[in-house]
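Report on one structure; see the data block that follows.
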Amino acid sequence: MGVRIERIDLPGFGVRNDVITNSGCRVSVVSLRSGERDLAFFNADDPDSNAASISLTDDEASAIAEVLGSSLTLSRLSALGEKAEGLFNEEISLPNGSGFVGHPMGSMKARTLTSASIVAIVRGNDVVASPGPEVVFESGDVIVAVGTRQGLDALGKLINNGPS
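So, in structure tokens, the structure goes:
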């Protein structure tokens with residue numbers, strides 16, 4: 003069963019988006035015209051009864067969206083490798099003291115030189131999903147890449163050898 007999303011306009015107030023889970027629970031995101039957001043949970047037994055709700059600041063809403071989006075991106079990426087023959091994904095640690103630390107990802111020219119694509123960067127407990135060329139590498143970064151076996155091997159060498 004696919005995920006069902008219902009959008010309800012709240013004239014004069016904003017909009018409510020409801021996600022109905024497979025178990026029948028309703029999770030609502032209420033976006034008010036004032037910019038405030040509320041996250042509400044409803045029981046499957048009584049969809050009109052609010053089980054819990056919380057108001058979110060912009061930063062809190064962004065953090066929740068990032069966490070959910072990043073973990074979903076990585077789990078879908080793992081599943082992709084199982085479906086596409088010849089396509090692999092790999093996590094490559096950026097060595098401490100690498101010449102790439104402190105430089106933007108675009109300066110690596112990873113895709114141009116190796117045909118492998120960097121799709122995420124794991125920084126401790128955080129994930130930078132779909133990093134742009136302006137994202138600066140930091141010591142301890144783990145690079146998540148997709149490509150052919152040959153392309154990923156070439157990317158690993160590029161990362162370990164540093165810029166030329």
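Numbering (the working numbering), first residue to last: 3 to 166. We treat Cβ as the ideally placed atom computed from N, Cα and C, and that holds for glycine.
Mark residue i as exposed unless 16 or more other C-beta atoms lie within 10 angstroms of its C-beta, in which case mark it buried.
i: P133; result: buried
i: V129; result: buried
i: L157; result: buried
If you draw a straight line from the C-alpha of residue i to the C-alpha of residue j, how long is it?
i: F139; j: A118; result: 17 angstroms
i: G164; j: S100; result: 6 angstroms
i: T114; j: N45; result: 51 angstroms
i: M3; j: R28; result: For M3, the predicted structure reports a pLDDT of 44, less than 50, and the residue's modelled location is therefore unreliable. A value from the coordinates is still provided. Computed Cα separation, rounded: 15 angstroms.
i: I22; j: H105; result: 43 angstroms
i: D61; j: S36; result: 15 angstroms
i: S51; j: L41; result: 14 angstroms
i: S166; j: F102; result: 10 angstroms
i: Q152; j: E92; result: 12 angstroms
i: G33; j: F43; result: Before going further, note that residue 33 is Ser rather than Gly in the sequence given. So the two alpha carbons sit approximately 15 angstroms from each other.
Among the candidates the options, whose CA atom is the shortest distance from the CA of residue i?
i: R125; options: V146, R18 and P13; result: V146
i: I56; options: A67, E68 and R39; result: R39
i: G26; options: L160, M110, I66 and D47; result: D47
First and last residue of the beta strand (DSSP E) that includes residue i?
i: I16; result: Just to set this straight, residue 16 is Gly in the shown sequence, not Ile. It spans G16 to I22 - the beta strand (DSSP E) in which G16 sits, taken as one unbroken run.
i: D11; result: R6 to L12
i: G149; result: V144 to G149
Could you give the residue range of the alpha helix (DSSP H) that holds residue i?
i: D50; result: No alpha helix (DSSP H) contains D50, which DSSP labels as neither H nor E.
i: A118; result: No alpha helix (DSSP H) contains A118, which DSSP labels as neither H nor E.
i: G134; result: Per DSSP, G134 belongs to no alpha helix (DSSP H) and is neither H nor E.
What whole-angstrom Cβ distance do residue i and residue j have, given they're in contact under 8 angstroms?
i: I123; j: D143; result: 5 angstroms
Is there a Cβ of chain C sitting closer than 8 angstroms to that of residue i, yes or no?
i: T150; result: This model lacks chain C altogether; it includes just one protein chain.
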